Structures are given as structure tokens and as C-alpha cells.
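Here the working numbering runs 760 ahead of the position in the sequence shown, where the first position is 1.
Where a beta carbon is used, it is the ideal one built from N, C-alpha and C, also for glycine.
Please read all numbers here as calculations on a predicted model, not as lab measurements.
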Amino acid sequence: STKHLKFNTTESANRVVRVERGGEVTWHGPGQLVAYPILNLNHLKKDLHWLASNLEQSVIDTLRLYNISGERSSVNTGVWVG
């Protein structure tokens with residue numbers, strides 16, 4: 761649904777793509793890299809915070825291989841560069 765959007769989609773220069781992923785509205789801006797891993801949680805610890813933390817650390821470790829410094833935010837989930 762578009763009921764949570766804070767702008768009129770017909771008057772916006774931004775493209776709006778509707779997907780069935782659960783949750784509400786997610787905004788992805790220019791230059792933002794987004795990954796949606798598909799995992800069988802029956803083979804992992806069933807704890808969302810544990811999973812998010814481990815995914816973030818995997819991204820930080822991968823960035824380090826390319827001499828890019830990534831870090832976590834104390835407010836937002838994800839890895840931040842720059």
C-alpha cells in the first residue's frame with residue numbers, strides 16, 4: 761500500500777516500485793547498495809538481532825578486503841560508508 765508514503769507518487773521524479781517483501785515503506789536513495797539475503801533460518805540461530813549483526817559484520821569484513829571502512833550506526837540497522 762502507498763498509505764505510508766510522505767509524497768504524491770504521480771508528482772514525484774522518484775520511481776516507486778511496489779514489492780511483496782513484508783513490512784511497510786522502505787526508501788533506497790541514489791548510491792545506496794541494498795541486499796536482501798534469503799536464508800533458511802532452520803539452519804541458523806532464530807534471533808533477528810543476532811542475524812542482522814552477523815550480516816552487518818560480514819559486510820564490514822568484505823569492505824575491509826577492498827580497503828573501504830564500513831561502520832554500524834547506533835540508530836539505524838545497516839553498514840555505513842563515508
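Same chain, Cβ closer than 6 Å to residue i, neighbours up to 5 away in sequence not counted
{"i": "Trp840", "result": "Glu831, Ser833"}
{"i": "Ser829", "result": "none"}
Of the listed residues the options, nearest to residue i (C-alpha basis)
{"i": "Pro790", "options": "Arg775, Ile798, Leu804", "result": "Arg775"}
{"i": "Leu793", "options": "Val819, Gly783, Lys806", "result": "Val819"}
{"i": "Ala812", "options": "Pro797, Asn802, Arg824", "result": "Pro797"}
{"i": "Val779", "options": "Leu799, Lys805, Lys806, Thr762", "result": "Thr762"}
{"i": "Leu823", "options": "Gly842, Leu799, His803", "result": "Gly842"}
Own chain, CB closer than 8 Å to residue i, minus 5 neighbours either side, in chain order
{"i": "Leu845", "result": "Limits of the chain in this structure are 761 at one end and 842 at the other, which puts residue 845 out of reach."}
Supposed contact pair residue j and residue i - C-beta distance, whole angstroms, cut 8 Å
{"i": "Gly783", "j": "Glu816", "result": "The Cβ separation is near 18 Å, so there is no contact."}
Beta-bridge pairing of residue i - partner residues as DSSP gives them
{"i": "Trp840", "result": "Glu831"}
Residues near residue i in its chain [Cβ-Cβ closer than 7 Å; skip 5 each side]
{"i": "Thr769", "result": "Thr762, Val776"}
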